[in-house]
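Notes to accompany the following structure.
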Amino acid sequence: QKEVEQDPGPLSVPEGAIVSLNCTYSNSAFQYFMWYRQYSRKGPELLMYTYSSGNKEDGRFTAQVDKSSKYISLFIRDSQPSDSATYLCAMSDTGANNLFFGTGTRLTVIP
Amino acid sequence: GAGVSQSPRYKVAKRGQDVALRCDPISGHVSLFWYQQALGQGPEFLTYFQNEAQLDKSGLPSDRFFAERPEGSVSTLKIQRTQQEDSAVYLCASSQALGGAGEKLFFGSGTQLSVL
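From first to last, the protein sequence lines stand for chains S and E.
Start counting the first sequence at 1; every next residue gets the next number (the numbering used here).
Start counting the second sequence at 1001; every next residue gets the next number (the numbering used here).
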């Protein structure tokens, strides 16, 4: 079993839709939770960063962490064609040198 | 520089050939990471440098993989006697913080390696 599980999709939604992306994980020591966006032939770009449990909102994006369920989510409101990309969840524990990534979910927002 | 720069962008190697991949991190960034991203997968950790010291190489898949950062800035990932399973995108990331936990990483666009 992988440390981080993420539905690879692909996911297609119409412009303006609310998008929900999710990851589950097995390591209860994970404390840092991130969402990266990766456009085709580009490196991942940090989108959201959360420490421990709770919600964080940034514009159209909301990240949620439920440590009791080992489940994290990213919500995108009023989705735009420019949001079309692969979304990777990533996480790490205190003292670790590396991030553990999900496989990524490929999202297409149709105009 | 403005961002993490990697070269070459694409590399085609014949099986058994040695390759060297270069990473120029953001100026002043202390921490440097190498990740390997296979097609349709998320990045997987290879190794971590703090300045010139390689503090973690637990992710290197075999002794054919070697990384260095001799002056604490530019880093090179070398793969000897390449195999087809080495085909992947190799991503470099840097961070201004010390340590790895919870760091906000800035990634380059990667080097796509194809081994024929």
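Cβ coordinates follow ideal geometry from the N, Cα and C atoms, glycine included.
Owing to the predicted nature of the structure, the values given are computational and were not obtained by experimental measurement.
- Item | DSSP bridge partner residues for Ile18(S) (one or two, in chain order) | Counting from 1 along the first sequence, the entry for residue 18(S) is found at position 18. Partner residues in a beta bridge of Ile18(S), as assigned by DSSP, do not exist.
- Message: Comparing C-alpha positions only, which one of Glu1085(E), Cys1092(E) and Ile1079(E) sits nearest to Ala1020(E)?
- Response: Position 20 of the second sequence, counted from the start, is the residue given in the question as residue 1020(E). That would be Ile1079(E), whose Cα lies nearest to the Cα of Ala1020(E).
- Message: Within the continuous beta strand (DSSP E) that includes Glu1052(E), where are the two ends?
- Response: Against the second sequence, residue 1052(E) aligns to sequence position 52. No beta strand (DSSP E) holds Glu1052(E); DSSP gives it neither H nor E.
- Query: Which chain S residues are close to Asp1056(E), counting only those with a beta carbon under 8 Å from its beta carbon?
  - Reply: As a first step, residue 1056(E) is located in the second sequence; it is residue number 56 there, counting from the start. Within chain S, the residues near Asp1056(E) are Asn97 and Asn98.
- Item | Thr50(S), enclosing beta strand (DSSP E) - first and last residue | Taking the first sequence and counting its residues from 1, one reaches residue 50(S) at position 50. Counting along the chain, the beta strand (DSSP E) containing Thr50(S) begins and ends at Glu45 to Tyr51.
- Please state whether DSSP places Ser1075(E) in a helix, a strand or coil. Translated into positions along the second sequence, residue 1075(E) becomes position 75. Collapsing the DSSP output to three states places Ser1075(E) in a strand.
- In this structure, does DSSP put Asp1024(E) in helix, strand or coil? Locating residue 1024(E) in the second sequence gives position 24, counting from the first residue. DSSP places Asp1024(E) within a strand segment (E or B) once states are collapsed to three.
- Task: Answer with yes or no whether the minimum CB distance from Gly54(S) to chain E is below 8 Å.
- Result: Here the question's residue 54(S) lines up with position 54 in the first sequence. By this cut-off, Gly54(S) is not an interface position.
- Kindly indicate the opening and closing residues of the beta strand (DSSP E) around Glu1068(E). By 1-based counting over the second sequence, the position of residue 1068(E) is 68. Phe1065 to Glu1068 is the extent of the beta strand (DSSP E) around Glu1068(E).
- Query: Taking the beta strand (DSSP E) that Ser1031(E) falls in, what are its first and last residues?
  - Reply: What you label residue 1031(E) is simply residue 31 of the second sequence in a count that begins at 1. From DSSP, the beta strand (DSSP E) with Ser1031(E) extends over Ser1031 to Gln1037.
- For Phe61(S) and chain E, any beta-carbon pair shorter than 8 Å? For the purposes of this step, residue 61(S) is identified with residue 61 of the first sequence, where counting begins at 1. Answer no: the Cβ-Cβ gap between Phe61(S) and chain E never drops below 8 Å.
- Message: Less than 8 Å between the beta carbons of Leu1032(E) and Ser1109(E), yes or no?
- Response: Your numbering for residue 1032(E) matches position 32 in the second sequence. Your numbering for residue 1109(E) matches position 109 in the second sequence. Cβ atoms of Leu1032(E) and Ser1109(E): not closer than 8 Å.
- Message: Short of 9 Å Cβ to Cβ, which residues in the segment 1011 to 1036 of chain E face chain S?
- Response: Ser1031, Phe1033 and Tyr1035
- Query: Closest by CA to Tyr51(S), which one among Tyr39(S), Met91(S) and Ile76(S)?
  - Reply: Your numbering for residue 51(S) matches position 51 in the first sequence. Checked all of Tyr39(S), Met91(S) and Ile76(S); the closest Cα to Tyr51(S) is Met91(S).
- Please determine if the segment 60 to 78 of chain S and the segment 1008 to 1022 of chain E are in contact, where contact requires at least 3 C-beta pairs separated by less than 8 Å. no
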